[in-house]
Amino acid sequence: MTKEEALKVEHVSFRYEKENVLEDVTFSVPKGAFLGLVGPNGSGKSTLLKCILGLLKPQQGNIFLFGTPISEFKEWHRVGFVSQKANSFNTGFPATVEEVVASGLTAKLGLFRFFTRKEKDAVKEAIEAVGMTKFQKQNIGELSGGQQQRVFIARAIVSKPELLILDEPTVGVDVHHVQNFYNMLEELNRHLGITLVLVTHDVGTITEKVTHVACLNKHLYFHGKAAEFAELQADDLSAFYGHHLHVLSHQH
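Counting from 3, one number per residue, gives the positions in the sequence shown under the numbering used here.
Put into structure tokens, the structure is as follows:
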């Protein structure tokens, strides 16, 4: 693995008991890239994320983060993760947007440390980066699903990770705000230089926002630049997914 790669997955296979979920998956993500990971339900995307985050250990293959084998990787502050939280968040949770975002610094600084001006500024910058400044004093339970997801992304980026992994972040986001949400991710990638790995079912958005695509259905069927993925025919995509697929664009 080169120093220019944020993530490398090398011949990874995983199975639950007798069921193969991932079979000989290999791909890499260059630093500064925006990778869209797509595939049908049950294709192994969530299992792959758990392997990348060190929560599961593959039966075969290796995973490297910034050139270091995951078994030896200790610098987890360099990696941020956002799950499908908004869809199941407890709306009665008594915390403001500022407090939720600031909690993203506790792993790095310790639970009971007082924040300095530098750390308070980092919280403000993270909130501003996701477009939530005017809501920073508001209780997070009063926000919409999409706004909550923006807050969770701010929490993930407040410690300035180099790699941000997002697992279906638009679950619970109103369809009318999905495009703005993807625009925000594009801004984080282009202007803050964060390497992004986005797991999504939204194939249409993939070719408009990301730089690279990986198409997974147990095997890796495609890995390359977004422009190459956009040139694939509908029949090719349907073969990947195992059923007919109609790609929609969000551009108006």
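Where a beta carbon is used, it is the ideal one built from N, C-alpha and C, also for glycine.
In whole angstroms, give me the CA-to-CA distance for residue i and residue j.
| i | j | result |
| --- | --- | --- |
| His254 | Gln149 | Unreliable placement is indicated for His254, whose pLDDT of 38 sits below 50; no coordinate value is reported for it. |
| Cys217 | Ile208 | 11 Å |
| Val180 | Gly147 | 11 Å |
| Leu37 | Asn141 | 32 Å |
| Gly34 | Arg17 | 31 Å |
| Val23 | Phe29 | 16 Å |
| Val153 | His13 | 35 Å |
| His203 | Thr108 | 32 Å |
| Ala131 | Gly44 | 33 Å |
| Thr197 | Lys122 | 24 Å |
| Leu113 | Phe224 | With a pLDDT of 47 at Leu113, under the threshold of 50, the modelled position of that residue is not reliable, and the figure given next carries that caveat. Looking at the two C-alpha atoms, the distance is approximately 43 Å. |
| Asn219 | Glu19 | 19 Å |
| Leu194 | Met186 | 11 Å |
| Val249 | Leu234 | Its pLDDT being 46, under 50, Val249 is placed unreliably by the model, and the measurement read from it follows with that caveat. Cα-Cα distance, rounded: 11 Å. |
| Pro60 | Cys53 | 7 Å |
| Ile155 | Gly226 | 26 Å |
| Pro171 | Leu190 | 14 Å |
| Lys139 | Lys76 | 34 Å |
| Asp169 | Thr118 | 32 Å |
| Phe83 | Lys120 | 23 Å |
| Gly63 | Ser15 | 6 Å |
For residue i, count neighbouring C-beta atoms within 10 Å of its own C-beta (all shown protein chains included) and say buried if the count is 16 or more, exposed if not.
| i | result |
| --- | --- |
| Gln151 | buried |
| Gly206 | exposed |
| Arg192 | exposed |
| Ser73 | exposed |
| Ala232 | exposed |
| His79 | exposed |
| Glu21 | exposed |
| Val177 | exposed |
| Pro71 | exposed |
| His252 | At His252 the pLDDT is 41, less than 50, meaning the model places this residue with poor confidence; the figure from the coordinates comes in the next sentence. Exposed, since its Cβ has fewer than 16 Cβ neighbours within 10 Å. |
| Ala229 | exposed |
| Pro96 | exposed |
| Thr49 | buried |
With the cut-off set at 8 Å, would you say residue i and residue j are in Cβ contact?
| i | j | result |
| --- | --- | --- |
| Pro183 | Val173 | In the sequence as displayed, the identity of residue 183 is Phe instead of Pro. No, the Cβ-Cβ distance between Phe183 and Val173 is not below 8 Å. |
| Ile167 | Ala128 | no |
| Leu2 | Val81 | The question about residue 2 has no answer here: the residues shown for the chain are numbered 3 through 254. |
| Lys47 | Leu39 | yes |
| Leu9 | Leu67 | yes |
| Ser85 | Arg157 | no |
| Glu188 | Lys211 | yes |
| Phe137 | Val102 | no |
| Asp6 | Pro32 | Reading off the sequence, residue 6 comes out as Glu, not Asp. Yes, they are a contact pair. |
| Leu51 | Val201 | yes |
| Ile65 | Val125 | no |
| Glu25 | His214 | no |
| Gly143 | Gly69 | no |
May I ask you to list the residues that DSSP assigns as paired with residue i?
| i | result |
| --- | --- |
| Phe137 | Its beta-bridge partners do not exist; DSSP assigns none. |
| Pro32 | Glu7 |
| Ile129 | Its beta-bridge partners do not exist; DSSP assigns none. |
| Glu21 | Tyr18 |
| Val27 | Val14 |
| Ile167 | Phe83 and Val199 |
| Ser98 | Ser is not the amino acid found at residue 98; the sequence shown has Thr there. Beta-bridge pairing links Thr98 to Asn141. |
Check your understanding: What are the uninterrupted segments assigned as beta strand (DSSP E) that are 3 or more residues long and contained completely in the segment 35-92, given in chain order?
Key -> Inside the segment 35-92, DSSP marks whole beta strand (DSSP E) runs of 3 or more residues at positions 36-40, 62-67 and 81-84, from first to last along the chain.
Review point. Which ranges would you report for the alpha helix (DSSP H) in the segment 182-235 if only whole runs of at least 4 residues count?
Key: Listed in chain order, the complete alpha helix (DSSP H) runs (minimum 4 residues) inside the segment 182-235 are 205-211 and 228-232.
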